[in-house]
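*Asks:* Supplied in structure tokens, the structure appears directly below.
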Amino acid sequence: MWETIIKPETLRATAELTSGVRAAFSWEKIEKELLDGLPGGAINIAYEAVDRHVAHGFGSVTALRWLGKSGERLDLSYADLSVASARFASVLASHGLGRGDRVFSLLGRQPEVFHAALGTLKAGMTFTPLFSAFGPEPIRTRMEIGQANALVTTEAIYRRKIEPWIRDIPSMRLVLIVGETAPEGCVALDPAMQEASPGFEAVPTRPEDEALIHFTSGTTGRPKGAVHVHHAVLNHAATGRYALELRPGAIYWCTADPGWVTGTSYGIIAPLVHRATLIIDEAEFDLERWYATIEREKVEVWYTAPTAIRMMMRAGKEAAARYDFSSLRFLASVGEPLNPEAVVWGSETFGLPFHDNWWQTETGGIMIANTLDMDIKPGSMGRPLPGIEAEILNREDGGIRPCKPGEIGDLALKAGWPSMMRAYLHEEARYKKCFVDDWYISGDLALKDEDGYFWFVGRADDLIKSSGHLIGPFEVESALIEHEAVAEAGVIGLPDETAGEVVKAYVSLNPGYEPSDELEKSIRGHARKKLGPAVAPRTVEFRKTLPKTRSGKIMRRLLKARELGLPEGDISTLETDES
Ligand code: ATP
Ligand code: MG
372 MWETIIKPET LRATAELTSG VRAAFSWEKI EKELLDGLPG GAINIAYEAV
422 DRHVAHGFGS VTALRWLGKS GERLDLSYAD LSVASARFAS VLASHGLGRG
472 DRVFSLLGRQ PEVFHAALGT LKAGMTFTPL FSAFGPEPIR TRMEIGQANA
522 LVTTEAIYRR KIEPWIRDIP SMRLVLIVGE TAPEGCVALD PAMQEASPGF
572 EAVPTRPEDE ALIHFTSGTT GRPKGAVHVH HAVLNHAATG RYALELRPGA
622 IYWCTADPGW VTGTSYGIIA PLVHRATLII DEAEFDLERW YATIEREKVE
672 VWYTAPTAIR MMMRAGKEAA ARYDFSSLRF LASVGEPLNP EAVVWGSETF
722 GLPFHDNWWQ TETGGIMIAN TLDMDIKPGS MGRPLPGIEA EILNREDGGI
772 RPCKPGEIGD LALKAGWPSM MRAYLHEEAR YKKCFVDDWY ISGDLALKDE
822 DGYFWFVGRA DDLIKSSGHL IGPFEVESAL IEHEAVAEAG VIGLPDETAG
872 EVVKAYVSLN PGYEPSDELE KSIRGHARKK LGPAVAPRTV EFRKTLPKTR
922 SGKIMRRLLK ARELGLPEGD ISTLETDES
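Mind the numbering: the sequence shown is residues 372 to 950 in the working numbering, read in order.
Below, the structure written as structure tokens:
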């Protein structure tokens, strides 16, 4: 349907991943090449991300460039980060916290989240970031499930959301408040950091020691707490190089919030491991601000999400034309299926396509990716990275067999990569259900083509069965947003006596378009032409916005529940549910 995009030879010649690298790959070899480790086979994420660079003489390199909401700028070097994380670790220790304890954060995109993440890991404790815009209930539930021992947050968040119930969390022993002062019963972080020893050495954690707990986005239901270990840093390192083209000194901007797995794995760990310089923008999405940031900061590698890309597309190419994007050399996207239209649009607007890649909270790192050495087929997630065995499996007859090219099945990964989750907190049965033989079953449906490219079809829960056809919502949504009026689309199946299910679409419109019967007809007509009558939506409904998670994922289950008048289920991560 779309022409294959081939990148300029000059760029491709610089690719970190080549067929030679693919052929010679082994986890043991890449671990020796990319990581230092600690004596006796120990490994600590914070050591790999920060301290070793200082030990190797790179302490003065800028690690973070923080851009505050109101135009402030703050640069932190690797040496600064090493000291700040050591002080944070000392603060934890001085309050009696030790290895294995769990530290939660509830912070915006601010330098302290780096001090906290790296300091916690350095101290051999588990770091669990929560998204700071959550309401009190989702925060409380997650802290209960995760048996939080410490929390670091701001006074405003504490007073608004935490104070009334924090004493009811029996495991909680320390609340740190960013700033000079703290409410009663809490500790002010700034003076505590100043008094604390900067000499805290990274704890020699074992590769299998618990390091991070991330809660999933809650797109399909109640969020799960996925447990990751220190050895996960090996995936972060390898994928940082091969899927994001990170290298020392690269100016890198990951737009994800550290409250989600992408914002930690690729907003903190992977780029620091590669000694890159990170741009952290405290502000929310703002088109002009984003474009100006790329230009002014000379961003080279940019990792963002389809929901942001669609917002840029909505503003049109003209809005981008005034900026100089010549510093960019690699663009990547994750979090949701990336519509082919968006890949092409990136190519036309920035001179570079977006490289879609696929992974989940559970996988801890990128698994399938469009890499710089490959031709891009817009709409495809790419191919498995080195060290990752991915397959499409059919489990319909009770057994398990690989699908033929083009056949839809479960997207599965051979278990055993370093950043694979080790548990769902307190949900052993749910965890076990994810594994069949030695395959991890992702819960997503996909297909593989003759060239080994993987194509996302939909989440297993979202698949639509209509008159004997299997329809993935992504295919229909992508066709819909090709219509000039459509900005975003969410597609679901509704029960129907004759067809089993029929396809229904919800769309939001681009500026300059108003809902009308005529437009509805035109959009349906367009979809019918692209997809055929069996797959095209029977009805198209206009919406100002689509329900999304706070990480920007369309919540199709909510569209469906509302349409059918069913219970909404867990909506703790719903974006518009601001409390
Ligand atoms: P929950 O598991 O709680 O329902 P979630 O699956 O949205 O939430 P995450 O782990 O943050 O939580 O998201 C991973 C999921 O996002 C994937 O399983 C997939 O459905 C979707 N996803 C991520 N990247 C891509 C991509 N490149 N293409 C298609 N889908 C993607
Ligand atoms: Mg999931």
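We treat Cβ as the ideally placed atom computed from N, Cα and C, and that holds for glycine.
Can you tell which of L477, K493, E659 and S448 has the C-alpha that lies nearest to the C-alpha of R458?
*Replies:* On the sequence shown, residue 458 is found 87 positions in, with the first residue counted as 1. Nearest option by C-alpha distance: K493.
*Asks:* What I want to know is whether the C-beta of R480 ends up closer than 8 Å to one or more non-hydrogen atoms of the ligand ATP.
*Replies:* Mapped onto the sequence shown, residue 480 falls at position 109. Answer for R480: no, Cβ out of range of the ligand ATP.
*Asks:* Taking the beta carbon of F806 as the centre, do at least 16 other beta carbons fall within 10 Å, making it buried, or is it exposed?
*Replies:* In the sequence shown, residue 806 corresponds to position 435, counting from 1. By the neighbour-count rule (16 or more Cβ atoms within 10 Å), F806 is not buried but exposed.
*Asks:* From the DSSP output, which residues share a beta bridge with V807?
*Replies:* Here residue 807 corresponds to residue number 436 of the sequence shown, with the count starting at 1. Note: V807 sits in a beta bridge opposite W810.
*Asks:* Relative to the C-alpha of L929, which candidate in P938, K440 and A641 has its C-alpha closest?
*Replies:* For the purposes of this step, residue 929 is identified with residue 558 of the sequence shown, where counting begins at 1. Measuring from the Cα of L929, the nearest candidate turns out to be P938.
*Asks:* Going by alpha carbons, who is nearest to N729 out of G717, T587 and G706?
*Replies:* Reading the sequence shown from its first residue, position 358 is the one you call residue 729. Looking at the sequence shown, residue 729 is not Asn but Trp. The residue with the shortest Cα to Cα distance from W729 is G706.
*Asks:* Just verifying my parser: in three-state terms, what is the DSSP assignment at Y674?
*Replies:* Stepping through the sequence shown from its first residue, residue 674 is reached at position 303. Correct three-state label for Y674: strand.
*Asks:* Taking just the CA atoms, how far does D628 sit from H607?
*Replies:* Indexing the sequence shown from 1 puts residue 607 at position 236. Indexing the sequence shown from 1 puts residue 628 at position 257. In a straight line, the C-alpha of H607 is about 17 Å away from that of D628.
*Asks:* Cutting at 6 Å between CB atoms, please list the residues of its own chain near E949, excluding the five before and the five after it.
*Replies:* Counted from its first residue, the sequence shown places residue 949 at position 578. Here E949 scores only 34 on pLDDT, less than 50, and its place in the model should not be relied on; the value that follows carries that caveat. If we look at E949 and ignore the five residues flanking it on each side, it has no Cβ neighbours.
*Asks:* In the DSSP assignment, find the unbroken alpha helix (DSSP H) run with A563 in it and report its ends.
*Replies:* Looking up residue 563 in the sequence shown gives position 192. Looking at the DSSP string, the run of the alpha helix (DSSP H) that includes A563 is L560 to E566.
*Asks:* At what residues does the beta strand (DSSP E) containing G634 begin and finish?
*Replies:* Locating residue 634 in the sequence shown gives position 263, where the first residue counts as 1. For G634, there is no enclosing beta strand (DSSP E); the residue is part of the alpha helix (DSSP H) that begins and ends at V632 to T635.
*Asks:* Since R681 sits in a beta bridge, which residues does DSSP pair it with?
*Replies:* Start at 1 with the first residue of the sequence shown, and residue 681 comes out as number 310. According to DSSP, which records beta bridges pairwise, R681 is partnered with nothing at all.
*Asks:* Can you tell which of P642, D815 and A621 has its C-alpha closest to the C-alpha of E671?
*Replies:* Walking along the sequence shown from the start, residue 671 turns up at place 300. Checked all of P642, D815 and A621; the closest Cα to E671 is A621.
*Asks:* So what does DSSP say about G479, is it helix, strand or coil?
*Replies:* Within the sequence shown, residue 479 is the residue found at index 108, counting from 1. If DSSP states are grouped into helix, strand and coil, G479 belongs with coil.
*Asks:* Determine the direct distance from the alpha carbon of F475 to that of I516, and round the result to whole angstroms.
*Replies:* For the purposes of this step, residue 516 is taken as the residue at position 145 of the sequence shown. For the purposes of this step, residue 475 is taken as the residue at position 104 of the sequence shown. Between I516 and F475, the C-alpha separation is close to 12 Å.
*Asks:* Heavy atom of the ligand MG less than 8 Å from the Cβ of E733, yes or no?
*Replies:* Position 362 of the sequence shown, counted from the first residue, corresponds to residue 733. Answer for E733: yes, Cβ within range of the ligand MG.
*Asks:* Specify the secondary structure class of I640 as computed by DSSP and reduced to three states.
*Replies:* In the sequence shown, counting from the first residue as 1, residue 640 sits at position 269. Helix at I640.
*Asks:* What's the gap between the Cα of L560 and the Cα of G735?
*Replies:* Taking the sequence shown and counting its residues from 1, one reaches residue 560 at position 189. Taking the sequence shown and counting its residues from 1, one reaches residue 735 at position 364. Using only the alpha carbons, I get a separation of about 29 Å.
*Asks:* In the stretch 719-785, which residue ranges form an unbroken alpha helix (DSSP H) of at least 4 residues, counting only runs that do not cross its ends?
*Replies:* none
*Asks:* I'd like to know if the stretch 406-420 and the stretch 575-583 are in contact, where contact means that at least 3 CB-CB pairs between them fall below 8 Å.
*Replies:* Yes: the two stretches touch, three or more of their Cβ pairs being nearer than 8 Å.
*Asks:* If you run the structure through DSSP and keep just helix, strand and coil, what is I942?
*Replies:* For the purposes of this step, residue 942 is taken as the residue at position 571 of the sequence shown. Three-state DSSP puts I942 in coil, outside helix and strand.
*Asks:* In terms of residues, what are the limits of the beta strand (DSSP E) holding S837?
*Replies:* Taking the first residue of the sequence shown as 1, we reach residue 837 at position 466. First-last of the beta strand (DSSP E) with S837: I835 to S837.
*Asks:* Using CA atoms only, rank isn't needed, just tell me which of G490, K440, V462 and S465 is closest to A451.
*Replies:* Sequence index remark: in the sequence shown, residue 451 carries index 80 (1-based). What sits at residue 451 in the sequence shown is Asp, not Ala. When only C-alpha atoms are compared, the closest one is G490.
*Asks:* Counting pairs of beta carbons, one from the stretch 475-488 and one from the stretch 436-453, are three or more of them closer than 8 Å?
*Replies:* Touching, per the Cβ criterion.
*Asks:* For the ligand MG, any of its heavy atoms closer than 8 Å to the Cβ of G814?
*Replies:* For this step, residue 814 is matched to residue 443 along the sequence shown. Yes, Cβ of G814 sits closer than 8 Å to a heavy atom of the ligand MG.
*Asks:* If you compare alpha carbons, which of H854, I771, N741 and A460 is closest to W810?
*Replies:* Taking the sequence shown and counting its residues from 1, the one referred to as residue 810 is at position 439. Among H854, I771, N741 and A460, the Cα nearest to that of W810 is on I771.
*Asks:* In three-state DSSP terms, what is A898?
*Replies:* Taking the first residue of the sequence shown as 1, we reach residue 898 at position 527. Of the three classes helix, strand and coil, the one that applies to A898 here is helix, per DSSP.
*Asks:* Grab me the residues of S922's own chain with a C-beta within less than 6 Å of its C-beta, minus the 5 sequence neighbours each way, in chain order.
*Replies:* Sequence index remark: in the sequence shown, residue 922 carries index 551 (1-based). Within the same chain, S588 and W631 come within 6 Å of S922 by CB-CB distance, once the 5 residues on both sides are set aside.
*Asks:* Within 8 Å: the Cβ of T920 and any heavy atom of the ligand MG?
*Replies:* Along the sequence shown, read from residue 1 onward, the residue named residue 920 stands at position 549. Result no, Cβ not under 8 Å from the ligand MG.
*Asks:* Can you give me the start and stop residues for the beta strand (DSSP E) that Y877 sits inside?
*Replies:* As a working mapping, residue 877 is identified with position 506 in the sequence shown. Element bounds for Y877: G871 to L880.
*Asks:* Tell me, to the nearest whole angstrom, how far the beta carbon of E853 is from that of K901; I am working on the premise that it is less than 8 Å.
*Replies:* Within the sequence shown, the letter at position 482 stands for residue 853. Within the sequence shown, the letter at position 530 stands for residue 901. About 7 Å separates the two Cβ atoms, so the contact holds.
*Asks:* CB G506 to CB S943, shorter than 9 Å?
*Replies:* Taking the sequence shown and counting its residues from 1, the one referred to as residue 506 is at position 135. Taking the sequence shown and counting its residues from 1, the one referred to as residue 943 is at position 572. Going by C-beta atoms, G506 is nearer than 9 Å to S943.
*Asks:* Take R899 as the anchor and find which of M564, G940 and E848 has the nearest alpha-carbon.
*Replies:* As a working mapping, residue 899 is identified with position 528 in the sequence shown. Nearest option by C-alpha distance: E848.
*Asks:* Pull the bridge partners of W437 from the DSSP assignment, please.
*Replies:* As a working note, residue 437 is residue 66 in the sequence shown. Paired residue(s): L445 and I651.
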